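S.K.: Next up is a structure, given as structure tokens.
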């Protein structure tokens with residue numbers, strides 16, 4: 002992609018990008034904002050719309066069909082490459098065109114209500130969303146950015162709350178409020194790039210970008226909001242826009258079997274399975290969705306996942322719970338269950354949260370478990386906990402965390418220090 006005149010001609014290396022991400026931003030961390038009642042936007046946002054949807058919106062305001070393709074290309078570039086936040090920035094459009102767009106639409110994203118920065122550089126944003134009804138309390142969702150040396154991963158949510166009630170997951174203690182729209186899912190990527198100053202054109206591999214990878218592992222079950230997640234990820238992965246490769250996007254599901262094949266066929270991203278147990282009776286407790294789609298049915302869907310191969314393996318996520326699922330017998334059965342599936346196994350030390358009844362497995366036991374799986378021929382990395390001190394680690398997200406009492410916050414800090 003060509004550099005826009007007047008912009009910097011050199012982009013940071015991955016190491017420089019990681020340092021930039023972990024360093025304090027030019028402005029101080031955002032202060033907590035009162036989540037007051039929300040008045041719905043008077044004008045719809047164009048963020049998250051596909052090209053076809055943009056063309057339809059332009060037709061609605063009288064743009065001739067002969068001009069729509071050109072206008073869509075202009076909008077696509079400004080929204081998804083340049084990160085424009087208002088129509089005035091679109092300098093290759095006439096004043097009249099910009100005024101007409103502004104009269105009918107916005108480029109609004111979700112609003113950052115609270116920003117927290119972990120001691121390890123992880124950032125968590127509490128985002129304010131439209132409620133859809135005037136006077137109703139604003140809805141909230143969380144999004145997490147994890148800077149690393151060679152990448153920057155954005156953990157994106159698909160729902161406000163969750164219905165799955167996984168017993169080890171903090172999000173599962175929050176009721177489902179609603180699905181997110183495609184625009185609200187794409188908007189999380191936009192917000193992250195806005196906040197990180199990450200909209201420069203790409204001139205090096207990954208462009209020195211800070212947000213290089215997307216994981217649909219935030220709040221909610223993505224495959225219970227399939228259409229919006231699909232539409233959002235197709236926008237995010239479009240090479241002429243945000244341009245995050247589908248190979249750098251991972252969708253994690255607890256096992257909504259009917260939509261697994263659709264994920265491969267219609268989205269084409271990498272798949273991760275929140276497995277966490279190797280026996281149906283235990284998984285029924287840890288992941289209640291297992292009662293509807295048991296392990297055997299889930300693994301059969303994985304064997305038939307479109308595009309799965311040794312070059313594109315399915316990730317099986319396995320949270321390590323002390324005395325619950327971490328024995329070597331569990332490791333042996335895990336290897337047996339996954340036989341024939343191109344897979345890697347991601348071991349996740351349990352991340353505590355106030356009120357949880359589980360403990361993280363001892364580190365020696367995690368290493369023994371990992372060694373057994375590795376010796377059986379599977380990659381078995383242990384996920385490094387990130388952002389535990391701000392409840393941003395895997396399994397800790399919950400959009401009501403800003404309401405924790407001082408005592409709960411003190412307990413959370415103590416847990417993070419002891420781990």
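In the working numbering, the protein residues as written are 2 to 420. All residues carry an ideal CB built from backbone N, CA and C; glycine is no exception. Model, not experiment: these values are computed from the prediction.
By DSSP, does residue 72 sit in helix, in strand, or in coil?
M.R.: Helix, per DSSP.
S.K.: Between the alpha carbons of residue 152 and residue 82, how many angstroms are there, rounded?
M.R.: 19 Å
S.K.: Which residue wins for smallest C-alpha separation from residue 359, given the options 220, 145, 99, 168?
M.R.: Closest by alpha carbon: 168.
S.K.: Consult DSSP for residue 366 and reduce its assignment to one of helix, strand or coil.
M.R.: helix
S.K.: Rounded to the nearest angstrom, what separates residue 175 and residue 216 at their Cα positions?
M.R.: 21 Å
S.K.: Once you ignore the five residues that flank residue 379 on each side, which residues in its own chain have a CB closer than 8 Å to its CB?
M.R.: 336, 339, 344, 345, 346
S.K.: Please work out which residues of its chain come closer than 7 Å, Cβ to Cβ, to residue 286, disregarding the five sequence neighbours upstream and downstream, and give them in chain order.
M.R.: 168
S.K.: For residue 235, which residues in the same chain have their Cβ closer than 8 Å to its Cβ, ignoring the five residues on either side in sequence?
M.R.: Same-chain partners within the cutoff: 51, 268.
S.K.: Output the boundary residues of the beta strand (DSSP E) element that contains residue 345.
M.R.: 344-350
S.K.: If you follow the alpha helix (DSSP H) that residue 192 is in, where does it begin and where does it stop?
M.R.: 183-197
S.K.: By the three-class DSSP mapping on this structure, what secondary structure does residue 318 have?
M.R.: strand
S.K.: Starting from residue 297, trace the alpha helix (DSSP H) both ways and give me its first and last residue.
M.R.: 296-304
S.K.: Start and end of the beta strand (DSSP E) containing residue 98?
M.R.: Careful: residue 98 lies outside any beta strand (DSSP E), inside the alpha helix (DSSP H) at 96-105.
S.K.: Using C-beta distances below 6 Å, list every residue in its chain close to residue 107, excluding the 5 sequence neighbours before and after it, in chain order.
M.R.: 44, 46
S.K.: If you draw a straight line from the C-alpha of residue 88 to the C-alpha of residue 352, how long is it?
M.R.: 43 Å
S.K.: Are the CB atoms of residue 99 and residue 91 nearer to each other than 7 Å?
M.R.: yes
S.K.: To which residues does DSSP link residue 153 through a beta bridge?
M.R.: The partner list for residue 153 (beta bridge, DSSP) reads 148.
S.K.: Taking the alpha carbon of residue 211 as the point to measure from, which residue in 290, 245, 357, 238 has its own alpha carbon closest?
M.R.: Proximity to residue 211 across 290, 245, 357, 238 peaks at 245, based on C-alpha coordinates.
S.K.: If you draw a straight line from the C-alpha of residue 121 to the C-alpha of residue 145, how long is it?
M.R.: 13 Å
S.K.: Rounded to a whole number of angstroms, what is the C-alpha to C-alpha distance between residue 189 and residue 57?
M.R.: 24 Å
S.K.: So, is residue 66 buried or exposed, given that buried needs 16 or more other C-beta atoms within 10 angstroms?
M.R.: exposed
S.K.: Out of curiosity, what's the CA-to-CA distance linking residue 229 and residue 316?
M.R.: 23 Å
S.K.: What whole-angstrom Cβ distance do residue 258 and residue 298 have, given they're in contact under 8 Å?
M.R.: 6 Å
S.K.: Put residue 200 into one of helix, strand or coil per three-state DSSP.
M.R.: coil
S.K.: Sorted by chain position, which residues of the same chain lie with C-beta nearer than 8 Å to residue 48's C-beta, five sequence neighbours on each side aside?
M.R.: 80, 108, 109, 110, 184, 187, 188, 191, listed in sequence order.
S.K.: Quick check on this structure: which residue in 350, 324, 374 has the alpha carbon closest to the alpha carbon of residue 332?
M.R.: 374
S.K.: Report the option in 275, 296, 270, 274 whose CA atom is closest to the CA atom of residue 282.
M.R.: 296
S.K.: Kindly identify the DSSP beta-bridge partner or partners of residue 175.
M.R.: Within the DSSP bridge table, the entry for residue 175 names no partner.
S.K.: Can you tell which of 251, 94, 196 has its C-alpha closest to the C-alpha of residue 156?
M.R.: 251
S.K.: Would residue 238 pass as a contact of residue 165 if the rule is Cβ separation under 7 Å?
M.R.: no
S.K.: Distance, Cα to Cα, residue 262 vs residue 84?
M.R.: 33 Å
S.K.: Going by CA-CA distance only, name the one from 72, 64, 55, 77 that's closest to residue 242.
M.R.: 77
S.K.: Smallest Cα separation from residue 322: which of 309, 370, 341, 53?
M.R.: 370
S.K.: Would residue 275 and residue 222 qualify as a contact pair, given that the criterion is a beta-carbon distance under 7 Å?
M.R.: No, Cβ-Cβ distance for residue 275 and residue 222 is not below 7 Å.
S.K.: My output table needs one value for residue 264: the three-state DSSP class, helix, strand or coil.
M.R.: helix
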